[in-house]
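*Asks:* My questions will all concern the structure given below.
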């Protein structure tokens with residue numbers, strides 16, 4: 037956002053803009069001066085006439101606009117962006133919803149269940165938007181257990197059971213056939229020696245001890261290292277899960293614009309494009325809010341994405357977020373994603389023992 041614009045907005049304008057945005061969160065209708073004088077600005081004791089004048093100045097600066105013949109105003113994309121960058125403060129999750137999340141985690145503690153998948157459904161329920169989960173790439177995931185299944189003499193399916201119970205299946209091509217009994221032995225070796233480590237950590241340990249052991253152990257280490265390399269290079273696209281897309285049908289911005297809804301649903305069905313957007317938005321950041329043109333490659337004018345990375349320690353390769361109209365309750369969503377992200381990270385930490 038231009039520095040010049042930031043410097044021209046006074047304190048009263050900031051508070052009026054804040055009130056316009058926050059009153060617009062729960063109602064798609066334009067916000068009028070009388071509404072603001074009663075809700076959001078009552079403490080400032082500004083008359084409706086004074087508020088109208090300030091709103092006119094904000095309109096001139098491109099922060100709010102007057103849709104059609106309405107007397108009220110709605111935030112523009114620039115107005116939302118200014119609010120997010122300069123005015124917004126994350127709002128803690130209400131106690132009732134924290135209890136709902138905590139109870140869910142207690143019930144969902146079975147390792148055979150996919151915690152993140154179930155949490156995405158909870159996210160949809162609490163946010164009323166489409167929920168998006170980007171699972172950590174296999175290379176960054178903590179592996180609980182290995183299992184090998186022979187598909188053909190030179191093709192083996194590798195089943196990785198990851199922390200939280202999620203299973204990842206990948207097929208590797210071997211240079212030489214490995215007897216099934218030796219694959220069982222290899223799986224037992226990996227599960228005994230390298231459980232609860234990432235592929236990168238396993239590789240480092242294998243390289244460090246590559247020359248230790250008898251001939252049988254050396255052979256297993258070499259095979260394990262070769263399969264490790266194939267697993268790391270074989271995952272081109274991280275796993276992305278989308279839940280709650282049908283809930284967007286009832287959002288006023290999409291209910292009245294079938295073309296916009298169609299574009300959004302098309303994006304949500306395209307995992308590669310969605311992954312690219314999430315990667316670009318987060319790009320090393322722990323939290324990202326992109327509004328309108330920030331996701332212009334998908335042609336989603338009027339939409340927004342709020343995302344938060346999750347993981348444990350330095351490994352924060354997963355993401356959890358929501359996609360919907362730009363009229364979203366950003367303070368609540370950021371607080372909600374902070375809480376859910378921390379909960380997922382804690383579960384991963386517990387899984388690491």
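Residue numbers (our numbering): 37 to 389. For each residue, glycine too, the CB sits at the ideal point set by N, CA and C.
If contact is defined by three or more beta carbon pairs under 8 Å, each pair taking one atom from either stretch, is the segment 159-179 in contact with the segment 278-290?
*Replies:* Yes, they touch.
*Asks:* Let me confirm a value: residue 372 is counted as buried when at least 16 other C-beta atoms fall within 10 Å, else exposed. Which label applies?
*Replies:* As a working mapping, residue 372 is identified with position 336 in the chain shown. Buried: at least 16 other Cβ atoms inside 10 Å.
*Asks:* Nearest CA to the CA of residue 355: which residue from 362, 337, 377 and 383?
*Replies:* In the chain shown, the residue the question calls residue 355 occupies position 319. Checked all of 362, 337, 377 and 383; the closest Cα to residue 355 is 377.
*Asks:* What residues in its chain sit with their C-beta under 8 Å from that of residue 290, if we drop five residues either side in the sequence?
*Replies:* As a position in the chain shown, residue 290 is number 254, starting the count at 1. Hits under 8 Å: 284, 296, 297, 300 and 361.
*Asks:* How far does the alpha helix (DSSP H) with residue 60 in it extend, from its first residue to its last?
*Replies:* As a working mapping, residue 60 is identified with position 24 in the chain shown. Residue 60 -> alpha helix (DSSP H) spans 47-61.
*Asks:* Would you tell me roughly how many angstroms separate the C-alpha atoms of residue 228 and residue 124, rounded to the nearest one?
*Replies:* The residue labelled residue 228 in the question sits at position 192 within the chain shown. The residue labelled residue 124 in the question sits at position 88 within the chain shown. Between residue 228 and residue 124, the C-alpha separation is close to 49 Å.
*Asks:* Output needed for residue 187: all residues of its chain with C-beta closer than 8 Å, excluding positions within five of it in sequence on either side, in chain order.
*Replies:* The residue given as residue 187 occupies position 151 in the chain shown. If we look at residue 187 and ignore the five residues flanking it on each side, its Cβ neighbours are 193 and 207.
*Asks:* Measuring straight from C-alpha to C-alpha, what distance separates residue 180 and residue 67?
*Replies:* Locating residue 180 in the chain shown gives position 144, counting from the first residue. Locating residue 67 in the chain shown gives position 31, counting from the first residue. Taking the straight line joining both Cα atoms gives about 53 Å.
*Asks:* By the DSSP assignment, the beta strand (DSSP E) with residue 187 in it spans what residues?
*Replies:* To locate residue 187, count along the chain shown from 1; it is residue 151. 179-188 is the span of the beta strand (DSSP E), which, as asked, contains residue 187.
*Asks:* For a quick check, are the C-beta atoms of residue 94 and residue 53 less than 7 Å apart?
*Replies:* Indexing the chain shown from 1 puts residue 94 at position 58. Indexing the chain shown from 1 puts residue 53 at position 17. Closer than 7 Å, so yes.
*Asks:* Apart from the five residues just before and just after residue 379, which ones in its own chain have a Cβ nearer than 7 Å to its Cβ?
*Replies:* By one-based count along the chain shown, residue 379 stands at place 343. Hits under 7 Å: 137 and 141.
*Asks:* Going by C-alpha to C-alpha distance, which of 203, 190 and 231 sits closest to residue 213?
*Replies:* The residue given as residue 213 occupies position 177 in the chain shown. For the residues 203, 190 and 231, the minimum Cα distance to residue 213 belongs to 190.
*Asks:* Expressed to the nearest angstrom, what Euclidean distance is found between the alpha-carbon atoms of residue 69 and residue 45?
*Replies:* Within the chain shown, the letter at position 33 stands for residue 69. Within the chain shown, the letter at position 9 stands for residue 45. Roughly 18 Å between the two C-alpha positions.
*Asks:* Buried or exposed, going by whether 16 or more other CB atoms sit within 10 Å of the CB of residue 43?
*Replies:* Counting from 1 along the chain shown, the entry for residue 43 is found at position 7. Burial call: exposed.
*Asks:* Which residues share a DSSP beta bridge with residue 342?
*Replies:* In the chain shown, residue 342 corresponds to position 306, counting from 1. The partner list for residue 342 (beta bridge, DSSP) reads 325 and 358.
*Asks:* Are residue 162 and residue 177 closer than 7 Å when you measure CB to CB?
*Replies:* Numbered from its first residue, the chain shown carries residue 162 at position 126. Numbered from its first residue, the chain shown carries residue 177 at position 141. Not a contact, by the Cβ cut-off of 7 Å.
*Asks:* Could you pull the start and end residues of the beta strand (DSSP E) that residue 191 belongs to?
*Replies:* In the chain shown, the residue the question calls residue 191 occupies position 155. Per DSSP, residue 191 belongs to the beta strand (DSSP E) from 191-198.
*Asks:* When you compare only the Cα positions, how much space is there between residue 244 and residue 112?
*Replies:* As a position in the chain shown, residue 244 is number 208, starting the count at 1. As a position in the chain shown, residue 112 is number 76, starting the count at 1. In a straight line, the C-alpha of residue 244 is about 57 Å away from that of residue 112.
*Asks:* So residue 339 and residue 328 are supposed to be a Cβ contact under 8 Å. How far apart are they, rounded?
*Replies:* As a first step, residue 339 must be located in the chain shown, where it is residue number 303. As a first step, residue 328 must be located in the chain shown, where it is residue number 292. Confirmed, about 7 Å.
*Asks:* Any idea what DSSP makes of residue 277, helix, strand or coil?
*Replies:* Position 241 of the chain shown, counted from the first residue, corresponds to residue 277. Reduced to three states, the DSSP call for residue 277 is strand.
*Asks:* Closest by CA to residue 218, which one among 259, 104, 242 and 73?
*Replies:* Position 182 of the chain shown, counted from the start, is the residue given in the question as residue 218. The option with the nearest alpha carbon to residue 218 is 259.
*Asks:* In whole angstroms, give me the CA-to-CA distance for residue 249 and residue 211.
*Replies:* The residue given as residue 249 occupies position 213 in the chain shown. The residue given as residue 211 occupies position 175 in the chain shown. Those two C-alpha atoms are separated by around 23 Å.
*Asks:* State the Cα-Cα distance for the pair residue 343 and residue 202, rounded to the nearest angstrom.
*Replies:* Position 307 of the chain shown, counted from the first residue, corresponds to residue 343. Position 166 of the chain shown, counted from the first residue, corresponds to residue 202. Using only the alpha carbons, I get a separation of about 21 Å.
*Asks:* Within 10 Å of its beta-carbon, does residue 148 have 16 or more other beta-carbons around it, so buried, or fewer, so exposed?
*Replies:* Reading the chain shown from its first residue, position 112 is the one you call residue 148. Only weak support exists for where residue 148 lies, its pLDDT of 34 falling under 50; the value from the coordinates is given anyway. That one is exposed.
*Asks:* Give me the residue from 174, 156 and 117 with the minimum Cα distance to residue 267.
*Replies:* Taking the first residue of the chain shown as position 1, residue 267 is located at position 231. It is 174.
*Asks:* May I ask which residues mark the beginning and end of the beta strand (DSSP E) holding residue 206?
*Replies:* Residue numbering aside, residue 206 sits at position 170 when the chain shown is read from its first letter. Unbroken beta strand (DSSP E) run through residue 206: 203-209.
*Asks:* In or out: residue 324 buried (at least 16 other Cβ within 10 Å) or exposed?
*Replies:* If you number the chain shown from 1, residue 324 lands on position 288. Flag for residue 324 reads buried.
*Asks:* Where residue 109 and residue 64 are concerned, what is the direct C-alpha to C-alpha distance, given to the nearest angstrom?
*Replies:* The residue labelled residue 109 in the question sits at position 73 within the chain shown. The residue labelled residue 64 in the question sits at position 28 within the chain shown. Each residue's Cα considered, the two are about 11 Å apart.
*Asks:* Following the continuous beta strand (DSSP E) through residue 169, name the residue where it begins and the one where it ends.
*Replies:* Against the chain shown, residue 169 aligns to sequence position 133. Residues 166-170.
*Asks:* Using the C-alpha atoms, what's the distance from residue 261 back to residue 239?
*Replies:* Position 203 of the chain shown, counting from 1, holds the residue named residue 239. Position 225 of the chain shown, counting from 1, holds the residue named residue 261. Going from the Cα of residue 239 to the Cα of residue 261 covers about 6 Å.
*Asks:* Would DSSP call residue 308 helix, strand or coil?
*Replies:* If you number the chain shown from 1, residue 308 lands on position 272. Of the three classes helix, strand and coil, the one that applies to residue 308 here is helix, per DSSP.
*Asks:* Using the Cβ count rule (16 or more neighbours within 10 Å means buried), how would you classify residue 96?
*Replies:* If you number the chain shown from 1, residue 96 lands on position 60. Looking at its Cβ environment, which holds fewer than 16 other Cβ atoms inside 10 Å, residue 96 is exposed.
*Asks:* Based on Cα-Cα distance, which residue from 364, 305 and 294 lies nearest to residue 326?
*Replies:* Stepping through the chain shown from its first residue, residue 326 is reached at position 290. Closest option to residue 326, Cα to Cα, is 364.
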